[in-house]
Structures are given as C-alpha cells and as structure tokens.
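Q: For reference, the structure I am asking about is given below.
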C-alpha cells in the first residue's frame, strides 16, 4: 500500500512539529528485532511511526533511512505487510538497478589507468560526472567535457563534482577553506594522526593535500560518504561508500574491514571522527550509527582503556544541542561558527541573526581547543573555554550563555538567559518572541506532555499502548459492522432492482402482445 506523498518531507528536522502541536514521525529501534529490516537502494530501511499529541499511535512502517522525500526514494512498507514473491523479486531488481554503474574494483582500475594518461588525454564529463578513459570518448562526444585534468584537480574532486544540494537527502554543503583550514590545524595541534571523515569530503581532501605537500603532514584520513561519485577518485583504503543513517557499507564486508582496520590501527590511539551530517537528518539514527562506529573502535582497545571515549567532532546547528546531549551527555558545544562555500546563509562575517548557526559538538575538553583570536574569539577564565566576542559571561547563570553569537539577556522570572529578541510573556509564563501565539502547544512527550523526554522513553508508554490497542480493536469492530451492514444493504437493493426490472419486462411483453 502506498504512503501519502511526502509523508516525511513535511516533518520537522527532529521528526516532531510540536510547536504546531499536531503530529510527528518518530524512529523506532526494536530492542530485539525478530526480522531484519527490508532493503531499499540505500541499504536497510528504518522503522517509523506517526504519532499525534494526545492521540493513539498509528501503524508502523518502513521507509528509506537516507531520503526524507518520497521523490528521492519511494520505498514504503507497513511493518505487518506480507509481500508476494513477485513483489520481492521486483524490489530486488529495482534495488540493483539503482546501484552505481561501476563496482568499487572497477572504479579503482579506471582511476589507475586515468592517472597514467597524458594531460591532454585526461577528460571529465560534467554531465555524467565521470572521469573518461579513451574508450569512453565517443559515447560522451555530445556532452559537456572538460579536458586537461591535472593531478592537482584530481586531488580536489569536490571542485570537479557538482554538489548535491538536496537538503533532505544529500545536503552536500562544502566547508569553506577558512573552516577547513581551522579544522586541519586544530586536529594537528591536538596531536591526532588519523581522521575518520564521515560526510566531510572537503576536509578529507585538505588532509590528503597536506600529507602530500612540501611540508608533509603525518595525518591520514578515511572518507565515508553516501556520494558514490567519490569512488572514482580514491583507492579502497581512502574511501568507503557509506550511509551514515543506517551504518550501511555499500561494498559489503571488504569496506567494513577497511573502516575497522583504520579505527583500530595503533590500538585505537591517535584517531578522531569528524562528521558533518545533513541538517535535515534525524539525530537518533545518527547517534545509533556513531555508537556503532565507537563500538568498532573499542574492539581494538585493551581492558585498561575501557573507559576511554573515541574523540568526536560532530558538526551540526546549535539548536540541536539538547537532542545531541541526550545521546552523548559528555559532549559540549564550541562557539566556533562553521561556514560553507555553497550555502547562501551559512557564511562567515555576518552579524546578528544572519550568522551561521552551525557549531562543533565534541567530547574533547573545551579548554584544550583554542579558537582564532583574529576572528574575535576570546578565552573566558570563568568558563575555561573560548567564546565568541558577543557571548558575555552572565553572573546569574555563571556561564557564557549565548548560543547564536549574539548577546543574550538574563530573565529573572525564567531564571535563565534568553535571546535578545525574546520578551517575557505573563500568559505563557516564559520568554518568547513578541508575536508568538499564547497557549500554543509546547514541544514535549506526545503521551504525557512533559518536556524532559520523548514519547519512546515515556514511563506511561505501556499504559498508553494498552489503551491504544483497546481503541483500535473497538474501531475495527465498528468498521466490520459497518461493512457487513453495507454489504447486506447492497444485496437487498440488488434483489429489489432485479424484481422491478422483471416486472417491467413482463408488463412490456403484455402491452406488445
């Protein structure tokens, strides 16, 4: 059965539109899944449920983990739906059809041949986004082809490839050189020798460029990314085609072992994970995936280091801080503003509300991370961390409270600092925008309404499920009765019509005789 078009596309980034108070979609992670999730072109699907505040839970369904819009991946299956052998075979054929045209091995073989060509023979098709060997030229002669591809260009594939800017699926917004250079310098200062780049292709490029430059760096990197086009620019030990929303390696166990070996090298010492997920993605699936990568890293740790954590830089908008810290309580948010080359808003140097909201979340102590003073960052001796210029220390909160780069104001009624554009509302008893709707539903649990947890972790969820089950059964009984009544009525109507028709025919015969 088909789902409504855009079933997930209209849902807010966290799967809840609580401010409108209507409905939302949540991910369900069964504690002991009896059967594996069905597969779509992007790997194992995720189990979702649509929930309404104060209403019963609806049927659960499987959908694509990576695509929030059905235009990008239209996979949909009810959790309890039974598929025929023919439909399963058709799905398998469709999944195979959607895979990249070349295998990982073929991409590597073509890359080796390509770099051996002379400069005049190295060509790149912009339309197909593909490096061309001489045997391919005839097929692409009507396409937009760029020639004389240098080795330097091959080392910067993100500048050759068109960014995939669908924010619901790929959101391939690329770091500016400023942000990228800051990250590389910071990683080097902190003493890391290996960087697992999850969805950060431009950082991966710069690390490799530094390693092969005149002032050789000792940092190595491995890129995990859902964009298969990068397969044609890297050897197997430098790139894995990967979906970070379901921890799926498209090239199977071989790619998984590449990642495992990279994480566990030198008994796991000197490695950090840097990730920049699409901002439209749900936090919970990402957290589950990152914990699997952490578990992979811990497999190579000795018993003495069992309490150590894999260092992580998670780059995400500041307004996800609460959700991220739900899954990683040891994380803190840095004030550094990350900006992007191909994003209209997330740019450095803007002021007020136009500043980039993207920050770095990390489990590394913030006093070890030095932010550039030439960009206005300064060290707060009370907070023991670097903060932005406008982020003033509040003596009442005893911390530098600003999240968005502006100076926040302390509200004595709320007993906390709030954004400068907010005012205290006596009706709502908290601060909000001046034109907010008083009495509007708050974000919170869809079962009990509390703000400190979600529906999936609500202590009243068992009671709610029993009530919902009873309501569903009652509705089903009513529906069955209505169907029976309709069928019976239709049958009686059909008999009545047949009798009338028969009488008319007999009367007609009598009049004509």
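Residue numbers (the working numbering): 1490 to 2002.
C-beta: ideal position from N, C-alpha, C; glycine also.
All of these numbers come straight from a predicted model, not from anything done at the bench.
Based on DSSP bridge pairs, tell me the residues matched to residue 1571.
A: None; residue 1571 has no bridge partner.
Q: Nearest to residue 1640 by CA position, among 1613, 1826, 1674, is which residue?
A: 1613
Q: Give every residue of the same chain whose Cβ lies closer than 6 Å to the Cβ of residue 1490, excluding the five residues on either side of it in the sequence, and list them in chain order.
A: At residue 1490 the pLDDT is 40, less than 50, meaning the model places this residue with poor confidence and gives no usable figure here.
Q: Considering residue 1896, what are the terminal residues of the alpha helix (DSSP H) in which it resides?
A: Where residue 1896 is concerned, there is no enclosing alpha helix (DSSP H), given that its DSSP letter is neither H nor E.
Q: Return the CA-CA distance between residue 1863 and residue 1878, expressed in angstroms with no decimal places.
A: For residue 1863 and residue 1878, the distance between alpha carbons rounds to 11 Å.
Q: Quick check on residue 1520: does DSSP put it in helix, strand or coil?
A: coil
Q: Quick one: residues in its chain with C-beta nearer than 8 Å to the C-beta of residue 1823, no 5 flanking neighbours on either side, listed in chain order?
A: Shown here for residue 1823: same chain residues with a beta carbon closer than 8 Å to its own, the five before and five after excluded, namely 1848, 1849, 1850, 1851, 1855, 1858, 1860, 1874, 1875 in chain order.
Q: My guess is that residue 1636 and residue 1607 are in contact by the Cβ rule of under 8 Å, so how many angstroms apart are they, rounded?
A: About 11 Å; that fails the 8 Å criterion.
Q: What span of residues does the alpha helix (DSSP H) with residue 1600 cover, start to end?
A: 1593–1605
Q: Could you give the DSSP three-state label for residue 1757: helix, strand or coil?
A: helix
Q: Quick one: using the 10 Å Cβ neighbour count with 16 as the cut-off for buried, is residue 1558 buried or exposed?
A: buried
Q: Just to check my reading of the structure: residue 1525 and residue 1554 have Cβ atoms closer than 8 Å, yes? What is that Cβ distance to the nearest angstrom?
A: Not a contact, Cβ separation roughly 13 Å.
Q: Which whole-angstrom value describes the C-beta separation of residue 1725 and residue 1597, a residue pair presumed to lie in contact below a C-beta threshold of 8 Å?
A: 6 Å
Q: Check whether the Cβ atoms of residue 1748 and residue 1692 sit closer than 9 Å, and answer yes or no.
A: no
Q: Considering only C-alpha positions, which residue in the set 1775, 1678, 1707, 1537 is nearest to residue 1736?
A: 1775
Q: Compute the Euclidean distance between the alpha carbons of residue 1813 and residue 1766, then round it to the nearest angstrom.
A: 13 Å
Q: Which residue comes first and which comes last in the beta strand (DSSP E) that contains residue 1806?
A: 1801–1806
Q: Whole angstroms is fine: what's the gap from residue 1918's alpha carbon to residue 1903's?
A: 8 Å
Q: By how many angstroms is the C-alpha of residue 1761 removed from the C-alpha of residue 1684?
A: 5 Å
Q: Would you list the residues sitting across from residue 1532 in a DSSP beta bridge?
A: 1529
Q: For residue 1807, tell me which candidate among 1782, 1844, 1796, 1784 has the shortest Cα-Cα distance.
A: 1844
Q: From residue 1577 to residue 1646, what does the alpha carbon distance come to, in whole angstroms?
A: Roughly 37 Å between the two C-alpha positions.
Q: Cβ atoms of residue 1719 and residue 1650: under 9 Å apart, would you say?
A: yes
Q: Within the same chain, show all residues whose beta-carbon is closer than 7 Å to that of residue 1527, passing over the 5 residues directly before and after it, in chain order.
A: 1534, 1551, 1566
Q: Using a Cβ-Cβ cutoff of less than 8 Å, which residues in the same chain neighbour residue 1753 once the five nearest sequence positions on both sides are dropped?
A: 1785, 1786, 1788, 1789
Q: Closest to residue 1894 by CA distance: which of 1827, 1678, 1914 is it?
A: Proximity to residue 1894 across 1827, 1678, 1914 peaks at 1827, based on C-alpha coordinates.
Q: Taking Cβ positions, are residue 1676 and residue 1715 nearer each other than 9 Å?
A: no
Q: Rounded to whole angstroms, what is the Cα-Cα separation between residue 1656 and residue 1669?
A: Note on residue 1656: pLDDT 47, under 50, position unreliable in the model; the coordinate value appears next. Residue 1656 and residue 1669: Cα-Cα distance of roughly 21 Å.
Q: Which term fits residue 1694, buried or exposed, when burial requires 16 or more other beta carbons within 10 angstroms of its beta carbon?
A: Residue 1694 counts as buried, since no fewer than 16 other beta carbons sit within 10 angstroms of its beta carbon.
Q: I'd like the list of long-range same chain contacts for residue 1778, defined as Cβ closer than 8 Å, with 5 residues on each side in sequence excluded.
A: 1733, 1734, 1735, 1736
Q: Nearest by alpha-carbon distance to residue 1738: which of 1755, 1756, 1717, 1721 is it?
A: Of 1755, 1756, 1717, 1721, the residue nearest in Cα terms is 1717.
Q: Along the alpha helix (DSSP H) that carries residue 1776, what are the first and last residues, could you check?
A: Where residue 1776 is concerned, the enclosing alpha helix (DSSP H) stretches over 1772–1787.
Q: Looking at the strands, I want to know which residues DSSP matches up with residue 1612.
A: 1621
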